[in-house]
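Residues 1 to 594, numbered by the UniProt record's numbering, are exactly what the sequence shown covers, in order.
Glycine included, every Cβ here is placed at the ideal spot set by N, Cα and C.
Here the structure is laid out as structure tokens; the discussion comes afterwards.
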Amino acid sequence: ALSELHDQIPPFPRSIAMKIIEEELGSPVESFFSFISEEPVAAASFGQVYRGSTLDGSIVAVKVQRPNLRHVVVRDIYILRIGLGLLQKIAKRKSDLRLYADELGKGLVGELDYTLEAANASEFQESHSPFPFIHVPKVFRYLSRKRVLTMEWMVGESPTDLISLSTGSSVDGSSTHLDRQKLDAKWRLLDLVNKGVEATLVQLLETGILHADPHPGNLRYTSSGQIGFLDFGLLCRMERKHQFAMLASIVHIVNGDWQSLVHSLTEMDVVRPGTNTLRVTMDLEDALGEVEFKDGIPDVKFSRVLGKIWSIALKYHFRMPPYYTLVLRSLASLEGLAIAGDPHFKTFEAAYPFVIQKLLTENSVATRKILHSVVFNKKKEFQWQRLSLFLRVGATRKGLQQVIAPKTETTLDYLPNRVGVFDAANLVLRLLRTNNGVVLRRLLMTADGASLIRAFVSKEASFFRHELCRVIADALYQWMCEALGRGIPVTRSSQLRVAGGSDNRELEPSSGLSATIYDYQSFLKDRRLKVIFSKILDPVRRDPVLMLRLCWAAFVMLVKASALACQRMLVSLSEAYLGPVLAPKRFAISASNS
Numbered sequence: 001a002l003s004e005l006h007d008q009i010p011p012f013p014r015s016i017a018m019k020i021i022e023e024e025l026g027s028p029v030e031s032f033f034s035f036i037s038e039e040p041v042a043a044a045s046f047g048q049v050y051r052g053s054t055l056d057g058s059i060v061a062v063k064v065q066r067p068n069l070r071h072v073v074v075r076d077i078y079i080l081r082i083g084l085g086l087l088q089k090i091a092k093r094k095s096d097l098r099l100y101a102d103e104l105g106k107g108l109v110g111e112l113d114y115t116l117e118a119a120n121a122s123e124f125q126e127s128h129s130p131f132p133f134i135h136v137p138k139v140f141r142y143l144s145r146k147r148v149l150t151m152e153w154m155v156g157e158s159p160t161d162l163i164s165l166s167t168g169s170s171v172d173g174s175s176t177h178l179d180r181q182k183l184d185a186k187w188r189l190l191d192l193v194n195k196g197v198e199a200t201l202v203q204l205l206e207t208g209i210l211h212a213d214p215h216p217g218n219l220r221y222t223s224s225g226q227i228g229f230l231d232f233g234l235l236c237r238m239e240r241k242h243q244f245a246m247l248a249s250i251v252h253i254v255n256g257d258w259q260s261l262v263h264s265l266t267e268m269d270v271v272r273p274g275t276n277t278l279r280v281t282m283d284l285e286d287a288l289g290e291v292e293f294k295d296g297i298p299d300v301k302f303s304r305v306l307g308k309i310w311s312i313a314l315k316y317h318f319r320m321p322p323y324y325t326l327v328l329r330s331l332a333s334l335e336g337l338a339i340a341g342d343p344h345f346k347t348f349e350a351a352y353p354f355v356i357q358k359l360l361t362e363n364s365v366a367t368r369k370i371l372h373s374v375v376f377n378k379k380k381e382f383q384w385q386r387l388s389l390f391l392r393v394g395a396t397r398k399g400l401q402q403v404i405a406p407k408t409e410t411t412l413d414y415l416p417n418r419v420g421v422f423d424a425a426n427l428v429l430r431l432l433r434t435n436n437g438v439v440l441r442r443l444l445m446t447a448d449g450a451s452l453i454r455a456f457v458s459k460e461a462s463f464f465r466h467e468l469c470r471v472i473a474d475a476l477y478q479w480m481c482e483a484l485g486r487g488i489p490v491t492r493s494s495q496l497r498v499a500g501g502s503d504n505r506e507l508e509p510s511s512g513l514s515a516t517i518y519d520y521q522s523f524l525k526d527r528r529l530k531v532i533f534s535k536i537l538d539p540v541r542r543d544p545v546l547m548l549r550l551c552w553a554a555f556v557m558l559v560k561a562s563a564l565a566c567q568r569m570l571v572s573l574s575e576a577y578l579g580p581v582l583a584p585k586r587f588a589i590s591a592s593n594s
């Protein structure tokens, strides 16, 4: 029922709206606009919007405030304040519930001044300009006053329209749409939701400036694939410490670390001082411990997790800071939209790759602390399975892949359904040498070398050794080409199949790692990596058994890599002297556990 308030409130007469515009701008409407629509395109609780055109031909949205609105707002807040005072006495609550009415009233009265909204829109646009998938309409300051706001007209589809199209029902009840139109609408809806989730995380974890009312009526999906925001009457600004605490809480939920989650909630000023945190931790574990995980990510709807946290919040009288409520509401609202297009959509699955990118590329004390909690236990022992999962999920992040790939390289389109163990290894090897790899290098420097090597020679790390084998093979192949002369063509089309285990993977020289390995000399000469490897090997030298296991693993990798490199050289020589038609294109090489 409340969703009808988004843009379906009865409008007030056009004559009154034109009079307000003239009073605010100080001149007749015709002296500023060449055209204003007869009927409003949207009507909300505080104002209504007309489509117009300025004298220079710009298409604009003109928002006009409802008449006598201040009196109505102040009256309603006063009534609400009285009601909350009575409720406080009846419920015998210690906290003063009337403060909620005061906070709400402060925000609503602020929304009555459209000059503040214009300033909010400009601030939001400036803060999010580095993120091209977010679109904020331009403000026409010279056509904006306290009760009139003029902004660039945003052309785009609303989530409600996309839901109607994707489900085959139209707003006006006309004939059903073709299947192709439904699929296209569903794709656009899911793209809108994914970008909405990312936009929420950008506001939460990057800029700290949150759109305070991201309901479907204030969102648009543009023809260029951007998510557009409307209505900037309220912005929420977060403190930096709260941003990091929220980031940590997402990681702790995914890892099932409920004690650390309570600590993060305390840092976010959600858990009150003096609360029995042990009991809260036990209740959280009971409530969320039953959540099933898929590929290490909670296989549950965000709204369900939110409901469980909310029930505990009521039990222990948690505080709900404005930013916390806004973020939870925004993510829950976006998930509701996504489910209309895809019943299997999971907010955690969409959000976690962004969180991983943040942790792997931001070199700050707070993010390093969170990252350490993921990959190290209390004894500073390396937890390979956690890092493996962490990197596999991170490899689905296109933004992170672009960060580690130089502009001259051909980037890969990492998609969730293509995530494999090789993506994780690619991520490590390519990130280590980049400027953005400082976080990962610090992580390796602080790790216990012995536990790291034990993890490396374990069965769980066989895929990583397999990937390193490919790196060595390509390096040997390049060295052979240089030794034999430039007349040997570099083989990029031939495929190497390594048979063994439950899956047979094709090793293609043109894979995402190739651009890195063709520059293997700079990789070997990197002083930072030499220091890291030396530091890791120091404790291993004192453990003969572990050193023997490492040497054996390295020997097997070298033999296998040599075989792969020789095979590629044979293909290259065959192509050079026999021609591509007669040249062998594929060899199978046994790959036992290394």
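Reduced DSSP secondary structure (H/G/I, E/B, other) of residue i
i, result
"valine 148", "strand"
"lysine 94", "coil"
"alanine 366", "helix"
"isoleucine 9", "coil"
"threonine 277", "helix"
"tyrosine 316", "coil"
"residue 624", "Because the chain here runs from 1 to 594, residue 624 falls outside it and cannot be looked at."
"alanine 42", "strand"
"threonine 75", "Note on residue identity: the sequence assigns arginine, not threonine, to residue 75. Three-state result, arginine 75: helix."
"glutamate 267", "helix"
"threonine 54", "strand"
"arginine 237", "strand"
"alanine 473", "helix"
"valine 439", "helix"
"alanine 332", "helix"
"lysine 186", "helix"
Test item: CB-CB of residue i and residue j under 8 Å
i, j, result
"leucine 55", "serine 34", "yes"
"arginine 319", "arginine 272", "yes"
"glycine 449", "valine 540", "yes"
"leucine 104", "isoleucine 82", "no"
"asparagine 218", "alanine 350", "no"
"arginine 347", "asparagine 436", "The question names arginine, but residue 347 is threonine in the sequence shown. No, the pair does not count as a contact, with Cβ atoms beyond the cut-off."
"valine 43", "isoleucine 21", "What sits at residue 43 in the sequence shown is alanine, not valine. Against a cut-off of 8 Å, the Cβ pair of isoleucine 21 and alanine 43 comes out as no contact."
"leucine 284", "leucine 261", "yes"
"leucine 25", "leucine 192", "no"
"leucine 265", "methionine 238", "no"
"arginine 441", "arginine 528", "yes"
"leucine 204", "methionine 246", "yes"
"glycine 289", "arginine 240", "no"
"tyrosine 477", "methionine 569", "yes"
"alanine 212", "leucine 326", "yes"
Beta-carbon separation (whole angstroms), residue i vs residue j, contact threshold 8 Å
i, j, result
"residue 631", "methionine 268", "The chain is shown from 1 up to 594; residue 631 falls before or after that span and cannot be answered."
"residue 596", "isoleucine 163", "Since the displayed the chain opens at 1 and closes at 594, residue 596 lies outside it and no answer follows."
"phenylalanine 124", "valine 136", "6 Å"
"tryptophan 187", "valine 60", "Actually they do not touch by this definition, with Cβ atoms about 30 Å apart."
"leucine 235", "asparagine 68", "The Cβ separation is near 26 Å, so there is no contact."
"alanine 561", "cysteine 469", "5 Å"
"serine 158", "proline 216", "6 Å"
Euclidean distance between Cα positions of residue i and residue j
i, j, result
"valine 148", "glutamine 65", "7 Å"
"alanine 563", "tryptophan 552", "17 Å"
"glycine 57", "alanine 118", "21 Å"
"isoleucine 532", "leucine 444", "7 Å"
"phenylalanine 354", "glutamine 181", "30 Å"
"proline 321", "valine 270", "7 Å"
"leucine 183", "leucine 165", "9 Å"
"leucine 116", "isoleucine 250", "33 Å"
"alanine 473", "threonine 446", "30 Å"
"arginine 220", "tyrosine 316", "38 Å"
"valine 74", "serine 27", "30 Å"
"arginine 51", "valine 72", "26 Å"
"glycine 274", "valine 155", "51 Å"
"isoleucine 453", "aspartate 161", "55 Å"
"alanine 475", "lysine 459", "25 Å"
"lysine 301", "phenylalanine 555", "47 Å"
Contact with chain B by residue i, beta-carbon distance below 8 Å
i, result
"glycine 156", "No chain B appears in this structure, which consists of one protein chain only."
Check your understanding: How do the segment 327-334 and the segment 200-207 stand: do at least 3 beta-carbon pairs fall below 8 Å, yes or no?
Key -> yes
Review point. If we count Cβ pairs, one from each stretch, closer than 8 Å, do we get three or more for the segment 357-372 versus the segment 223-232?
Key: no
Review point. Is the segment 127-139 touching the segment 99-115, taking contact as three or more C-beta pairs under 8 Å?
Key: no
Check your understanding: Would you call the segment 37-51 and the segment 84-95 in contact, with 3 or more CB pairs under 8 Å?
Key -> no
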